[in-house]
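Below is one structure, written out as C-alpha cells; comments come after it.
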Amino acid sequence: MRPEKAHVLTIYLGESDQWHGQPLYVAMLQLLREEGCAGATAMRAIAGYGASARLHASQGLRWSSDASIVIQVIDQPARIERLLPRLSAMLRGGLITLHETEVVHVTPLLRSGLPARRPVRQAMTTHLTTVEPETPLAQVLTLLLRGPFRALPVVDREQHLLGLITTGDLIRTGALPLRRGLVRTALALDETTADQMRTPLTQAGQSARTAADVMNRQVRTVRPEQSLREAAHLMLETGLRRLPVVERDKRLVGMLSRTDLLRAVATSLLASEAEERESGLMGGVARQTNSSAASAPVRNYLRSEVATVHEDAPLSEVFEALLQSPLKRVVVIDDGQHVRGIISDVDLLASLQEELRPRLLSWLSGLARGREQHASGASPSLGPQLHRAGCAGEVMNRTVVTVPATATVSEAIALMMRTGRKVLPVVDDDGHLAGIVGRSDLLRVLLEDGDDASY
0 MRPEKAHVLT IYLGESDQWH GQPLYVAMLQ LLREEGCAGA TAMRAIAGYG
50 ASARLHASQG LRWSSDASIV IQVIDQPARI ERLLPRLSAM LRGGLITLHE
100 TEVVHVTPLL RSGLPARRPV RQAMTTHLTT VEPETPLAQV LTLLLRGPFR
150 ALPVVDREQH LLGLITTGDL IRTGALPLRR GLVRTALALD ETTADQMRTP
200 LTQAGQSART AADVMNRQVR TVRPEQSLRE AAHLMLETGL RRLPVVERDK
250 RLVGMLSRTD LLRAVATSLL ASEAEERESG LMGGVARQTN SSAASAPVRN
300 YLRSEVATVH EDAPLSEVFE ALLQSPLKRV VVIDDGQHVR GIISDVDLLA
350 SLQEELRPRL LSWLSGLARG REQHASGASP SLGPQLHRAG CAGEVMNRTV
400 VTVPATATVS EAIALMMRTG RKVLPVVDDD GHLAGIVGRS DLLRVLLEDG
450 DDASY
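The letter at position 240 of the sequence shown is residue 239 when you use numbering that gives the first Met the number 0, and the numbering goes up by one with no holes.
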C-alpha cells in the first residue's frame with residue numbers, strides 16, 4: 000500500500016461458514032495473502048443478525064449462536080477487482096460491499112530482510128499498460144511521457160511478452176532527446192523551452208517507426224512463483240530497476256520494481272507470523288532476524304562520498320557536480336556542513352533564466368546521445384553563463400527529506416516509501432551531513448540481511 004486512491008472491500012459472513020473443510024474466513028484470508036494483498040483484517044462481532052434472522056411470535060427475535068465475521072481489505076483497485084469474482088464464488092450466504100477510499104498515510108511493520116519464500120506474485124504490480132509491436136511510435140511517446148510508469152511492455156494479442164520500452168531505449172534510438180523528467184519539465188516551462196522539446200518529439204511521432212523498432216528484445220524476466228530474493232539478486236546484478244513477470248509460456252502477468260521489493264519488506268503481522276509458523280521459526284531464530292540488518296542503524300550502510308556544493312556555489316559548479324553524481328542529485332550544505340537543500344537536473348533547468356534553458360537542454364541532449372565520448376564539464380560557451388546565472392541556494396529544493404544516522408534501516412525504508420523519495424541524505428545528531436542512501440543501497444542491505452537465514 001501507498002498513499003493513493005484505493006478500494007475498500009468488506010465481506011460479511013458467519014463464523015460457522017465452511018470452505019473445503021476449513022472456516023470460510025480463514026480460506027478467504029489465505030487467498031488474499033497468496034494473491035499479494037497488502038493486508039486483510041477479520042473481525043468477530045459480539046452480536047448481530049442478517050437475512051436469516053427469524054422473528055417468532057412467542058419467543059421474539061432468536062439470536063443466532065453463529066457469530067458474524069467481517070473481513071475488510073484495503074488495496075489497489077486492480078487487485079481487488081481481480082479477486083472479487085473468486086471471493087464472491089466462495090460466499091454462499093452473506094454480503095460483500097465495495098467503495099473507494101484514499102490512503103493518506105501508511106506506517107508499515109518491518110520485520111527483517113527480504114523473505115526467501117515469498118513469491119514475486121505477492122509484490123508485483125498487475126495493473127499494466129501495454130502496447131503491441133504495431134503501435135505507432137507517437138503513441139508510445141505519449142504513454143511514457145504522460146503515464147506514471149517508466150517502462151512499457153510490448154506484447155502480442157495473447158499477452159506474450161515480446162520486448163520492453165524504457166526512456167533509455169527511446170534515447171538510444173533517437174526518439175527521445177532526454178530522460179522523461181527533463182522532457183516533462185521542459186514542456187511545462189516557457190514557450191521557447193517547450194518548443195525545443197516539441198520539435199524532436201513531433202519529428203519522432205511523424206516517423207513510420209513502431210514499438211517494434213525501438214523496443215529492447217533482450218529482456219530479463221522473472222516468474223510469479225520465483226522468490227523476491229531471486230528477483231532482488233537479479234536486479235542488483237544487472238542494475239535493472241524493474242523486471243517483467245511472465246508465466247512459463249511468456250505470458251505477461253505483472254511488473255516488479257525496486258520500490259515493490261522495498262514495500263514487500265513492510266509485511267502485515269499476519270503474513271509474518273504465518274511464514275514463521277510454516278518455517279518452524281517461532282523460537283530463537285525468528286527473534287534473531289528481528290535484530291538483524293533491518294534493525295541496524297542506517298549509518299552502517301550509507302554512502303559517505305556525496306556530491307555536495309556550498310549554498311553560495313555558482314550554478315556552473317552545481318552543473319559539474321550533477322554530471323559526476325551517480326544519483327543525479329547534489330546536496331547543498333552551509334559552512335557548518337548542515338543540509339540546506341538538494342538539487343537535481345530538473346531543479347536546475349526549472350530555475351534557470353529562460354534564455355539559458357535551451358542551451359542547457361542542447362548540452363544535456365548531446366550528453367545523452369554520446370555519453371561515453373564526452374569530457375566532463377559544461378561547454379565552453381555555457382560554463383561562464385551558468386557561473387553568472389546564480390548560486391545553488393537560489394535553485395535548490397528546500398523541502399529536502401533527511402534521515403537521522405541513528406534511524407534503523409527499516410525506518411529509512413518507511414520514510415522513503417512514505418515521502419516517495421529515491422534518495423535520502425543522512426545526518427548525524429548535530430544535523431551535519433554524514434552520507435546518503437538510495438533505494439538500491441537499502442535493497443542490497445535487505446538482500447544481504449537474509450542470505451544466511453533459512454526462511
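Cβ coordinates follow ideal geometry from the N, Cα and C atoms, glycine included.
CA-to-CA, the gap between A210 and L423 works out to about 36 Å.
A residue is called buried once 16 or more other Cβ atoms fall within 10 Å of its Cβ, and G430, having fewer, is exposed. The C-alpha of P243 is placed about 10 Å away from the C-alpha of K249. Segment contact: the segment 357-365 against the segment 410-420, fewer than three CB-CB distances shorter than 8 Å; contact not assigned.
In the three-state reduction of the DSSP assignment, V330 falls in the strand class. Under DSSP, M89 forms no beta bridge with any residue. Listed as beta-bridge partners of I435 by DSSP are R302 and P424.
By the neighbour-count criterion, in which 16 or more other beta carbons inside 10 Å mark a residue as buried, T192 falls on the buried side. One Cα belongs to R241, the other to A185, and the distance between them is close to 26 Å. By the Cβ rule, the segment 216-228 does not count as touching the segment 196-206, because fewer than three pairs are nearer than 8 Å. Per the coordinates, the alpha-carbon of A26 lies some 27 Å from the alpha-carbon of E101. Beta-bridge analysis with DSSP links A150 to T165. With fewer than 16 neighbouring CB atoms inside 10 Å of its own CB, V103 falls in the exposed class. Bounds of the alpha helix (DSSP H) holding R179 are R179 to L186. Secondary structure at P84: helix, using DSSP grouped into helix, strand and coil.
About 6 Å separates the Cβ atoms of L151 and L142, confirming a contact at the 8 Å cut-off.
In this chain, T201 is not harboured by any beta strand (DSSP E); it is covered by the alpha helix (DSSP H) spanning E190 to Q205. Here L127 is buried, its C-beta having at least 16 other C-beta atoms within 10 Å. Judged by DSSP in its simplified three-state form, D311 adopts coil rather than helix or strand. For N396, the CB contacts under 6 Å within the same chain, skipping 5 residues up- and downstream, are G340, I341 and D346 in chain order. When the five nearest sequence neighbours on each side are left out, the beta carbons in the same chain lying within less than 6 Å of the beta carbon of T129 are those of P152 and V154, in order along the chain. For T100, the enclosing beta strand (DSSP E) begins and ends at L94 to E101. V400 is the residue among D427, V400, D428 and T405 whose C-alpha sits nearest the C-alpha of G437. DSSP places D74 in the uninterrupted beta strand (DSSP E) bounded by S67 to D74. The DSSP-derived three-state label of S226 is strand. Where A39 is concerned, there is no enclosing alpha helix (DSSP H), although the beta strand (DSSP E) around it starts and stops at A39 to R43. Membership of R241 in the beta strand (DSSP E) is indicated by the continuous run R241 to V245.
Relative to E34, the option among K4, I45, L12 and V72 whose CA is nearest is V72.
DSSP places R257 in the uninterrupted alpha helix (DSSP H) bounded by R257 to V264. Each residue's CA atom was taken as its position, placing H337 and T307 some 11 Å apart.
No residue range can be given for V218, since it is assigned to no beta strand (DSSP E) and is classified by DSSP as neither H nor E. Secondary structure note for R339: its beta strand (DSSP E) is the uninterrupted segment V338 to S343.
The residues G434 and I435, in chain order, have a CB closer than 6 Å to that of R302 in the same chain once the five nearest residues on each side in sequence are set aside. The alpha-carbon separation between Q138 and E353 amounts to approximately 29 Å.
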